[in-house]
Structures are given as structure tokens and as C-alpha cells.
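Asks: Every letter in the sequence shown is one number past the one before it in our numbering, and letter 88, counting from 1, is 88.
Where a beta carbon is used, it is the ideal one built from N, C-alpha and C, also for glycine.
Since the model is a prediction, treat every value here as computed from it, not as a measurement.
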Amino acid sequence: MTSLTRVVLELDPQTPATGSTVLATAIATLPGVAELVLVLRGVDEVTQEHADQVVAVCAQAAPGAALPDIVLLGEAEATDLECAVRVTATGEPLADAQAVVLISALAVRSWDQADGRASAQPAGLPRTPAGTVSATAVPQPRSAEPAGAGAQNLRLRDQLIARRDAARAAGPAHVRPVIAVVAQVQSSFGAIDSVCRALHEHPDVDLQVVCVDSEHDRRPHSTADFVAGHGYPTQGPDWLAAQLADPASPLRAVFFYDPWDGLRPSPATAQDVVNAGVRVAYVPYGTNVGAGEKTMQLAYNTPMHQLAWRAFARSPVQRGLYRQFCVAGDQHVRVLGLPKYDRIATLDPAGEGIEVACDGPVVLWNPHFTFGPDGWSTFRSYLDRLLRYAADHQDFTLLIRPHFRLFTDLPASTEGAALLSRMTAAAQRRHNVVLDRGEDYLPAFRTADAMLSDASSLLSEFMALGRPALYLHRIDGPGVTADAQYFFNTDVATSWPAVQGFLDQVRAGRDPFAEHRKNLVHRHFPMLDGSAGARIVDEVLAGLAAEGALTQPAAAR
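1. From Leu-81, Asn-489, Val-55 and Glu-82, pick the residue whose C-alpha is nearest to that of Ile-70; which is it?
2. Restricting to runs no shorter than 4 residues, where is the alpha helix (DSSP H) found entirely within the region 210-290?
3. Check whether the Cβ atoms of Val-280 and Leu-321 lie closer than 8 Å to each other.
4. Among residues of its own chain, excluding the 5 on either side of Met-296, which ones have a beta-carbon nearer than 6 Å to its beta-carbon?
5. Please state the DSSP three-state secondary structure of Gln-140.
6. Classify Gly-360 as helix, strand or coil using the three-state DSSP reduction.
7. Which value, in whole angstroms, describes the spacing of the CA atoms of Val-8 and Leu-465?
8. Which residue comes first and which comes last in the alpha helix (DSSP H) that contains Tyr-389?
9. Using a 10 Å radius around the Cβ and a threshold of 16 neighbouring Cβ atoms, would you call Gln-14 buried or exposed?
10. What's the call for Pro-316, buried or exposed, on a 16-neighbour Cβ count within 10 Å?
11. Here's the rule: buried if 16 or more other CB atoms are within 10 angstroms of the residue's CB, otherwise exposed. What is Thr-302?
12. Taking the C-alpha atoms as reference points, what is the distance between Ser-187 and Val-227?
13. Can you tell me whether DSSP reads Ala-183 as helix, strand or coil?
14. Excluding sequence positions up to five away, which residues of its chain have a Cβ less than 6 Å from the Cβ of Glu-77?
15. Measure the alpha-carbon distance for Leu-11 versus Val-39 and round it to whole angstroms.
16. What are the start and end residues of the alpha helix (DSSP H) that includes His-344?
17. Identify whether Gln-428 lies in helix, strand or coil by the three-state DSSP scheme.
18. Run the CB neighbour count on Gln-271, radius 10 Å, all protein chains shown included, and call it buried at 16 or more, exposed below.
19. Measure the alpha-carbon distance for Arg-218 versus Leu-410 and round it to whole angstroms.
20. Figure out for me which residue from Phe-407, Ala-390 and Arg-405 has the closest Cα to the Cα of Leu-399.
21. Taking three-plus beta-carbon pairs below 8 Å as touching, is the region 522-532 in contact with the region 492-507?
22. DSSP on Phe-404, reduced to helix/strand/coil?
23. Skipping 5 residues on each side, what residues in its chain have a beta carbon closer than 6 Å to that of Ala-534?
24. Verify whether the separation of the beta carbon atoms of Val-470 and Asp-454 is less than 8 Å.
25. Given Pro-443, which residues of its chain have a CB within under 6 Å of its CB, disregarding the five upstream and five downstream residues?
26. Using CA atoms only, rank isn't needed, just tell me which of Glu-82, Pro-367 and His-522 is closest to Met-423.
27. To the nearest angstrom, how far is it from the Cα of Trp-239 to the Cα of Gly-543?
28. Which of the three DSSP states is assigned to Asp-491 in this structure?
29. Under a three-way DSSP split, which group does Glu-82 fall into?
30. Does the region 246-254 come close enough to the region 160-180 to have 3 or more Cβ pairs within less than 8 Å?
31. Which stretch, first to last residue, makes up the beta strand (DSSP E) that contains Leu-528?
32. Under the DSSP definition of a beta bridge, which residues are partnered with Trp-365?
33. How is Asp-165 classed by DSSP in three states: helix, strand or coil?
34. When the Cα of Ala-357 is compared with those of Arg-429, Gln-318 and Leu-420, which residue comes out closest?
35. Considering only their Cβ atoms, is the gap separating His-202 from Val-537 smaller than 8 Å?
36. Here's a check: name, in chain order, each residue in its chain whose Cβ is nearer than 6 Å to the Cβ of Ala-213, leaving out the five neighbours to either side.
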């Protein structure tokens with residue numbers, strides 16, 4: 001191990017159990033990504049008695065877990081030891097909370113680097129997030145009431161918030177509170193757009209969008225230019241750092257729309273925000289339709305999900321998935337609909353679309369990027385057949401909008417590069433094959449008459465429009481969650497003949513399931529009213545006001 005992947009945790013040999021919370025986090029998150037060095041303060045030479053004592057404390061901190069290899073040193077031996085993180089477990093709640101945040105942040109970051117990811121959505125399972133003490137990768141169903149390490153983390157978070165609230169109350173008054181939104185991936189900004197609009201138009205608060213450029217989204221314009229183009233005020237990470245460092249600043253809460261802290265620089269991470277005592281509100285960029293053990297961990301049990309002051313869900317079923325998989329339970333989750341559907345509910349068909357040369361129907365194809373047993377992609381199965389079908393039937397347009405990670409992940413393999421080459425060549429050569437790589441998918445939605453899609457949020461949103469949609473289901477894949485079972489209430493294909501039949505039907509103008517889809521939308525999208533963003537802002541502001549954090553107390557004015 002290099003010093004960049006070494007964590008030094010200092011313990012008091014007289015009362016080592018006082019560091020159990022921090023130790024539990026280290027045991028659960030660091031194996032395989034970082035070396036754990038335990039240093040006994042005030043001890044010159046470690047004895048067998050010390051070692052037995054530490055093993056007993058470790059076993060108590062993480063019952064049932066297989067203990068990792070641990071280097072045990074005396075204080076003098078560790079004086080000049082290089083490391084990525086050095087923390088002290090004191091048993092004092094606020095200090096231990098900061099130690100937990102530092103260790104878990106390093107674990108996620110180290111796992112990201114080891115996995116070679118450069119993406120917005122991890123394809124695999126990270127180490128168990130901060131505060132959990134089980135060695136198993138997938139949590140068992142939990143009650144709504146957080147317990148154990150999950151409850152401890154929430155208490156620590158609340159203490160950090162209370163300390164900042166108290167410091168702010170003693171400082172100068174600010175007339176208008178500020179709510180920030182951290183923006184990075186442009187293609188998923190629609191998930192938070194109506195929240196930004198509601199905040200920007202609100203008479204009692206100011207909005208600031210903290211813009212972070214993305215190395216994996218690969219867009220021609222900076223995130224700041226993109227957000228400014230939507231009419232919102234922008235700031236950089238330095239502004240956020242200054243706000244977090246000043247308890248008297250007007251910053252009251254920070255919204256995030258994806259949970260991938262490992263892909264954002266400090267201080268634009270949820271853990272930085274929580275560590276400063278500022279409330280985090282989480283709005284998911286996707287509808288989290290994909291199932292699978294690894295995916296459920298990523299969708300509901302990262303540090304973002306565990307530490308958020310508010311998280312928002314589209315349905316009671318989705319809230320139940322927090323209850324089942326998140327160590328923090330679901331008490332912080334509010335079912336108010338998702339802002340990404342606001343754009344669907346208010347979609348103007350006369351707005352910007354995709355230019356196509358064919359007068360016939362347009363079928364939008366949305367292939368996912370995840371191959372292998374944990375993935376949903378049918379790209380490899382259907383690409384050549386769809387291109388051949390388009391060549392044989394030039395009375396319709398095949399509009400391809402792949403998940404953007406296809407362009408970053410597939411070139412790494414010979415087969416993947418060949419698939420991409422055939423797709424782009426067909427789009428260049430054939431008038432009825434169009435490739436859409438724009439920042440936003442709404443122009444493609446306006447243009448499309450029907451859709452083919454692997455399991456994805458885009459399929460969920462397109463279905464809410466009530467147009468024909470075919471779910472490309474992989475029998476050997478993980479399937480979809482309990483909140484997306486409605487995918488099976490529409491057209492489903494598990495092989496090429498079903499895909500071909502759907503295309504033939506669209507080209508012929510036949511739509512036998514139109515009435516069925518209307519009922520499906522009514523039943524499964526009850527809050528499709530264009531107001532989810534406004535409801536979320538109202539909920540956040542009401543919550544801040546209820547906790548006395550929205551405005552300065554009169555005594556401070």
C-alpha cells in the first residue's frame with residue numbers, strides 16, 4: 001500500500017471502546033482499498049495485551065464481520081508515517097462524525113480509482129458506506145426506524161447541523177437565505193430544473209447553482225455556461241467552500257441530483273456539506289428502475305442517501321425501497337413526485353426537436369451501457385438487426401439516443417469499438433438513421449412517435465407521455481424494481497421477432513394499446529401535474545422554517 005491508500009486511526013489504549021463508531025466505519029469500508037493502521041496514543045511499544053484488547057474492541061464494533069488485516073503501532077513508531085487520512089477516535093460525537101466522513105470519503109474515492117471509473121453512474125458495488133458494520137455487501141430489509149450505526153450517523157449529522165444553527169444565530173442577520181444546487185452532469189440537469197426554477201422565482205430565498213465540470217459527460221460547453229443558458233445564477237466550488245466555512249453565511253441547504261460524491265471535487269460533495277453542518281436535500285437524477293443487489297445499494301444506500309436531511313421519491317413504493325435498503329431508513333423521504341416528470345407534464349410539442357429527413361414515423365431507440373450479468377443493455381443483441389431493418393424499411397426514422405456512457409465505456413474493448421463504429425457509420429450513411437448526442441433528451445422526445453428502450457429512466461418518462469413504447473427486457477439480467485413493474489404492463493420484447501413486430505405495427509400506424517396506456521399513466525403516474533419541483537421547494541422551506549433555520553432569529557437582527 002502507498003501512503004495515498006493508508007488510513008491512520010489513533011486510539012486511546014485506556015478506553016479504546018470510545019472509538020467504536022469510527023472503528024466500525026473503517027472496518028466496513030477500507031478492506032481492499034486502503035491499509036488500516038491503528039496507533040495507540042501514549043504507547044511506545046505494542047504488546048500482546050494491547051493486540052488482544054484491540055481485537056476485542058474491533059469484534060465488538062463490527063460484530064460478525066471478518067476483520068481486515070490491521071497494522072498496530074505505538075505512537076512513536078507512527079510519528080512520521082505518511083498517510084492519506086489521519087483521524088483520532090475520541091468518543092466525542094462531533095469529532096467522530098468528522099472522522100467518519102473523512103474515512104468514508106476516502107473509501108469511495110479509492111474504490112472509484114481501483115475500478116477505473118470515469119462516469120456518472122457506477123456500474124459496480126462500492127464498499128459498504130459510512131457507518132454500517134456488516135461485512136455483507138447487500139443490506140437485509142430494514143425497518144423505517146434507523147438503528148445501530150445508521151441511527152448513530154443521523155445523530156451525528158443532526159448535532160453538526162445544530163452546532164451551525166447555533167453559531168449562525170449568534171452572528172449577523174441576513175435578510176435573504178440562500179439555497180444552493182450542485183450541478184455537474186448536463187444531460188441529467190432536467191432532474192433538478194423545475195426545483196431551480198421554483199427557487200429562482202421564490203420571493204423569499206436566493207438561488208445559487210454551484211457548477212462543476214464533468215470529465216465523463218464530455219460536453220462542448222462548461223457546466224457554468226450550460227446552467228447560465230437556463231437563466232440561473234452560477235457560482236464555482238470556491239464560493240461554496242467560503243459559504244461552508246462561514247457559519248454566519250446565508251447558506252441554508254444544498255440540493256444534489258446524483259449521489260456520486262466520488263466524481264465531484266471537494267467541497268462540492270454531500271459529505272463536505274454535511275460536515276459543515278449544512279442540510280442536504282437529494283433529488284434523484286433517475287427513476288432508479290433497475291433492480292439487482294448491487295444496484296439497490298447504489299440507488300438507496302450511499303452516504304448521500306444515508307446523510308441527506310431530505311430525500312424525495314416519486315411513489316410510496318419507492319419510499320419503501322429506502323426503508324428496505326438504506327441504513328438511515330425512510331423517515332427523511334418525502335413522496336412528492338420527481339421534478340424530471342415536470343418537464344414531461346408540461347412538454348411543448350412545438351418546441352425544439354430533432355431534424356429528420358423521412359416523413360414517416362420516428363422511433364426513438366435508447367440503449368443502455370451496462371453489459372454482463374448485472375446489466376440491462378441489449379445494444380449488442382439488437383444493433384445490427386435494427387440497422388438492417390432501417391435499411392430495408394426507409395419509410396420510418398430510427399432515432400438513436402444511447403446512454404452517454406456507451407461512448408466512454410465501449411471503446412475500451414475491440415467488440416465495443418466495432419459496435420460504435422457500425423452505429424455511427426450507419427447514421428452518416430443512411431438518411432433514416434439519426435444519432436442524437438445532445439445535452440438534453442427532450443428534443444428527441446418531441447420528435448419521436450414511439451420508443452424502444454432497455455430498462456432506464458428515459459423509458460419511464462417516455463411512457464408518461466402515453467405514446468407507444470417497447471421495453472427491451474433481458475431475461476438474463478437483473479430486471480426492474482418493485483417501483484417499475486409497470487414496464488411489464490406495456491409492450492415487452494425478449495427477442496428480435498417481438499421488436500420487429502412492434503416496428504411493423506408503428507410503421508403501419510396501428511396502436512391497439514392506446515387506451516391501455518392511458519389507464520397505465522393514470523394509475524402509475526399520479527403526480528404528473530408539472531408541480532413536483534414547486535412542492536419540493538415548499539417542503540424544504542417549510543422544514544427549514546420549522547427548525548428555525550430559514551431566517552435569522554429576531555435577537556440577531
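Replies: So, to answer that:
1. When only C-alpha atoms are compared, the closest one is Val-55.
2. As far as the region 210-290 is concerned, its whole alpha helix (DSSP H) runs of at least 4 residues are 223-228, 237-245 and 270-275.
3. no
4. Phe-325
5. Model confidence at Gln-140 stands at a pLDDT of 35, short of 50, so the residue's coordinates are unreliable and nothing is read from them.
6. coil
7. 54 Å
8. First-last of the alpha helix (DSSP H) with Tyr-389: 379-392.
9. Here Gln-14 is exposed. Its C-beta has fewer than 16 other C-beta atoms within 10 Å.
10. exposed
11. Label assigned to Thr-302: buried.
12. 11 Å
13. strand
14. none
15. 6 Å
16. For the sequence presented, residue 344 should be read as Ile rather than His. Its alpha helix (DSSP H) spans residues 340-345.
17. helix
18. buried
19. Between the alpha carbons of Arg-218 and Leu-410 lies a gap of roughly 15 Å.
20. Ala-390
21. no
22. coil
23. Ala-198
24. Before going further, note that residue 470 is Leu rather than Val in the sequence given. Cβ distance not < 8 Å, so Leu-470 and Asp-454 don't count as in contact.
25. Glu-352, Gly-353 and Ile-354
26. Pro-367
27. 25 Å
28. strand
29. coil
30. yes
31. It is not in any beta strand (DSSP E) - Leu-528 carries neither H nor E in the DSSP assignment.
32. Ile-400 and Leu-452
33. The answer is helix: DSSP assigns Asp-165 an H, G or I state.
34. Arg-429
35. yes
36. Going by the sequence as given, residue 213 is Asp instead of Ala. So the qualifying residues of the chain are Ser-222 and Thr-223.
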